[in-house]
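Data block below; observations after.
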Amino acid sequence: MARFQDAAHLEALGLVQLCCERLQSLPERIEQRRSLLESGGGVLLSAEDLQRRLKQEETALRREQAGPLRLERQRLVEQLRRNLEAAEQGMDEREARLVALSTRLEQIDGGLRHLRRQVDRQWPSSQATDAAMAEALNPLDAALDQIERLLDEGSR
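Written out as structure tokens, the structure is:
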């Protein structure tokens, strides 16, 4: 039985293709930003700055309505909490960047495994709607977006 041949699946398959292209370019992007990832050794994270930023973002999160912006802000607050904990443990900027990158790569791995399980269990094309495909790809896209921001930090 051939799946995903209906014209209605074009958008969903386009989402998968875009995600795959982003994943394929990731090693090159990481290599291009190697100097950023290797910099900051010995420069301790500022717990005071992180605490101030965390309070600002937590306040903004409480005011944020439901939706994609709230989800992004929640992710930011969680990352700031992890960074604050790392700063309190004496982690330097380089280590924090590498931990953040590693965490996002693990999220991508989990997202890919989830998508593969759906396809492997013969995901009926009638259930593979644009919304279902977008939901399956959302963790991958979110992790890739966070990696992009992490890699772009040093170019500003």
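Under this note's numbering, the first residue of the sequence shown carries the number 400, and numbering increases by one thereafter. A virtual CB, placed ideally from N, CA and C, is assigned to each residue, including glycine. Please read all numbers here as calculations on a predicted model, not as lab measurements.
| Query | Result |
| --- | --- |
| So what's residue 444 in DSSP terms, helix, strand or just coil? | coil |
| For the alpha helix (DSSP H) containing residue 413, list its first residue and its last residue. | 409–431 |
| When the Cα atoms are used, what is the spatial distance from residue 457 to residue 545? | 19 angstroms |
| Determine the extent of the alpha helix (DSSP H) in which residue 463 is found, giving its start and end residues. | Residue 463 -> no alpha helix (DSSP H), and no H or E assigned at all. |
| Would you decide whether residue 539 is buried or exposed? Buried here means 16 or more other CB atoms lie within 10 Å of its CB. | buried |
| Count the other C-beta atoms from every protein chain shown that fall within 10 angstroms of the C-beta of residue 510, then say buried if there are 16 or more, exposed otherwise. | buried |
| Pull up the DSSP beta-bridge partners for residue 544, would you. | DSSP, once it has assigned bridges, lists no residue as partnering residue 544. |
| Could you tell me which of 470, 551, 533, 550 sits nearest to residue 412, measuring between CA atoms? | 533 |
| Decide yes or no for the touch test of the stretch 485–492 against the stretch 436–449: beta carbon pairs closer than 8 angstroms, at least 3 of them. | yes |
| Among the residues of its own chain, which have a CB less than 6 angstroms from the CB of residue 421, if the five just before and after it don't count? | 543 |
| Give the straight-line distance between the Cα atoms of residue 418 and residue 536, rounded to the nearest whole angstrom. | 8 angstroms |
| Report yes if the C-beta distance between residue 485 and residue 498 is below 9 angstroms; otherwise report no. | yes |
| Is it the case that the Cβ atoms of residue 449 and residue 496 are separated by a distance below 9 angstroms? | no |
| Going by beta-carbon coordinates alone, are residue 541 and residue 474 separated by less than 9 angstroms? | yes |
| Please confirm whether residue 479 and residue 504 have their CB atoms less than 9 angstroms apart. | no |
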